[in-house]
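Mapping to full-length UniProt numbering: the sequence shown position 153 is 153, numbers consecutive.
For glycine and all other residues, C-beta sits at the position ideal for the given N, C-alpha and C.
Model, not experiment: these values are computed from the prediction.
Data block below; observations after.
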Amino acid sequence: MPFNIAILGASGYTGAELVRLIATHPEMTIKALSADRKAGMQMAEVFPFLRHLDLPTLQKIDEIDFAGIDLCFCALPHATTQQVISALPRNLKIVDLSADFRLRDAAAYEKWYGQPHAAMDLQAEAVYGLTEFYRAEIAQARLVAGTGCNAATGQFALRPLVAAGVIDLDDIIIDLKAGVSGAGRSLKENLLHAELSGGTHAYSAGGKHRHLGEFDQEFSKIAGRPVQVQFTPHLLPMNRGILATVYVKGDPSAVHETLASAYKDEPFLQVLPFGQLPSTRDIAGSNFCHLGVVGDRRANRAIVVAVLDNLTKGSSGQAIQNANLMLGLPETTGLMLAPLFP
1 MPFNIAILGA SGYTGAELVR LIATHPEMTI KALSADRKAG MQMAEVFPFL
51 RHLDLPTLQK IDEIDFAGID LCFCALPHAT TQQVISALPR NLKIVDLSAD
101 FRLRDAAAYE KWYGQPHAAM DLQAEAVYGL TEFYRAEIAQ ARLVAGTGCN
151 AATGQFALRP LVAAGVIDLD DIIIDLKAGV SGAGRSLKEN LLHAELSGGT
201 HAYSAGGKHR HLGEFDQEFS KIAGRPVQVQ FTPHLLPMNR GILATVYVKG
251 DPSAVHETLA SAYKDEPFLQ VLPFGQLPST RDIAGSNFCH LGVVGDRRAN
301 RAIVVAVLDN LTKGSSGQAI QNANLMLGLP ETTGLMLAPL FP
């Protein structure tokens with residue numbers, strides 16, 4: 001029998017992406033969907049591209065009966081999620097797509113999110129949801145904290161290199177371009193078509209972006225000492241996709257060999273032949289991440305380019321990958337769909 005699934009925050013982009021992916025998942029059935037302002041509506045009204053599906057009516061969270069639910073995806077804003085998850089049944093498996101349980105240290109959470117953590121008892125049991133590096137813990141977890149989409153992209157490019165010691169840990173630059181859906185579905189002036197189309201801009205520059213908290217936490221843990229990267233994200237007038245260009249000091253061949261060896265058995269991580277670079281057009285709508293490595297004209301310098309879809313591998317696809325493990329299913333179940341092209 002398929003597992004019964006609830007999705008909280010189904011009226012947002014990541015909620016809709018969860019519905020799209022679970023619709024063809026052979027072992028999951030959507031039994032409950034929540035929305036706040038859109039409670040009482042059908043998903044077909046909110047997202048017409050899903051009108052072919054027979055889905056539950058959107059409800060308020062407190063109207064959902066969780067007694068028959070096996071796993072719940074929380075696609076809610078940060079801060080809100082801590083309160084919501086605290087009120088859910090303690091035996092319910094949960095995959096959280098917000099930022100509320102990504103940072104293990106309470107002081108780090110307050111630094112990056114501007115308010116105290118309100119559920120440190122739950123934080124203690126949360127497992128960081130970068131699937132390829134926390135598989136064993138995720139399989140045994142009740143609560144998994146999905147990564148930031150930017151944070152996932154940068155980590156796929158760098159984690160094996162940090163662990164292997166083949167790069168200078170004090171000279172790492174992540175220059176990242178992201179599609180506008182990563183900013184969410186809420187109305188924002190800077191995301192209006194006339195404000196965004198035809199141009200691009202850097203944001204949260206100078207060490208202000210919240211995903212730096214994840215980079216600091218994870219790279220420092222791997223290295224056994226503090227590691228701080230330079231990171232500047234840019235917003236591009238495209239709907240989906242992230243491209244991270246990562247500049248490192250190290251032998252390019254060793255960098256490529258390290259990534260290729262680390263990911264040779266990973267179903268969703270594809271390392272291109274040395275000298276080839278990926279494009280966001282090659283991973284759109286999929287759970288794949290493509291990586292490429294080239295050498296710089298300066299000796300002992302390498303450039304790593306990583307691409308993924310922020311809504312799929314960076315969020316909802318990653319969430320389902322984690323849920324598969326939590327439910328004892330093959331990790332790739334429902335996720336091997338080919339990218340959309342053109």
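Could you tell me the boundaries of the beta strand (DSSP E) in which Phe3 lies? As a first step, residue 3 is located in the sequence shown; it is residue number 3 there, counting from the start. Run containing Phe3: Phe3 to Leu8, per the beta strand (DSSP E) assignment.
Could you tell me which whole alpha helix (DSSP H) segments of length 4 or greater appear in the segment 3-79? 13-22 and 43-46
Look up Tyr134 in the DSSP assignment and say whether it is helix, strand or coil. Along the sequence shown, read from residue 1 onward, the residue named residue 134 stands at position 134. Reduced to three states, the DSSP call for Tyr134 is coil.
Counterpart residues of Cys289 in DSSP-defined beta bridges: Looking up residue 289 in the sequence shown gives position 289. Answer is Leu269 and Leu308.
Can Leu272 and Gly285 be called in contact, C-beta distance under 8 angstroms? Translated into the one-based positions of the sequence shown, residue 272 becomes position 272. Translated into the one-based positions of the sequence shown, residue 285 becomes position 285. Their beta carbons are not under 8 angstroms apart, which means Leu272 does not touch Gly285 by this criterion.
Reference Gly224, options Ala164, Ile138 and Thr80, closest by Cα: Position 224 of the sequence shown, counted from the start, is the residue given in the question as residue 224. It is Ala164 whose Cα lies nearest to the Cα of Gly224.
Looking only at its chain, what residues have a beta carbon closer than 7 angstroms to the beta carbon of Ser181, apart from the 5 residues adjacent to it on each side? Position 181 of the sequence shown, counting from 1, holds the residue named residue 181. Closer than 7 angstroms at Cβ, skipping near neighbours: Tyr13, Asn239, Arg240, Asn310 and Leu311.
Considering only the alpha carbon of each residue, which of Lys177, Ala67 and Ile222 lies closest to Gly199? Here residue 199 refers to the residue found at position 199 when the sequence shown is read from its first residue. Measuring from the Cα of Gly199, the nearest candidate turns out to be Lys177.
Go through its chain and collect everything with a Cβ distance to Thr24's Cβ below 7 angstroms, but skip five positions before and after it. In the sequence shown, counting from the first residue as 1, residue 24 sits at position 24. Counting only Cβ-Cβ distances below 7 angstroms, and skipping sequence neighbours, we find Gly334.
For the alpha helix (DSSP H) containing Ala260, name the first residue and the last one. In the sequence shown, residue 260 corresponds to position 260, counting from 1. Unbroken alpha helix (DSSP H) run through Ala260: Pro252 to Ala262.
Quick one: using the 10 Å Cβ neighbour count with 16 as the cut-off for buried, is Ser98 buried or exposed? Here residue 98 corresponds to residue number 98 of the sequence shown, with the count starting at 1. With 16 or more other Cβ atoms within 10 Å, it is buried.
Name the residue from Leu325, Val307, Asn322 and Ala323 whose alpha carbon lies nearest to the alpha carbon of Pro339. By 1-based counting over the sequence shown, the position of residue 339 is 339. Out of Leu325, Val307, Asn322 and Ala323, Val307 has the C-alpha closest to the C-alpha of Pro339.
Can you tell me which of Pro160, Asp54 and Gln276 puts its alpha carbon nearest to the alpha carbon of Ile222? In the sequence shown, residue 222 corresponds to position 222, counting from 1. When only C-alpha atoms are compared, the closest one is Pro160.
Rounded to whole angstroms, what is the Cα-Cα separation between Val305 and Ile242? Stepping through the sequence shown from its first residue, residue 305 is reached at position 305. Stepping through the sequence shown from its first residue, residue 242 is reached at position 242. Between Val305 and Ile242, the C-alpha separation is close to 10 angstroms.
In the DSSP assignment, find the beta strand (DSSP E) that holds Ala164 and state where it starts and stops. Here the question's residue 164 lines up with position 164 in the sequence shown. No beta strand (DSSP E) holds Ala164; the alpha helix (DSSP H) holding it covers Cys149 to Ala164.
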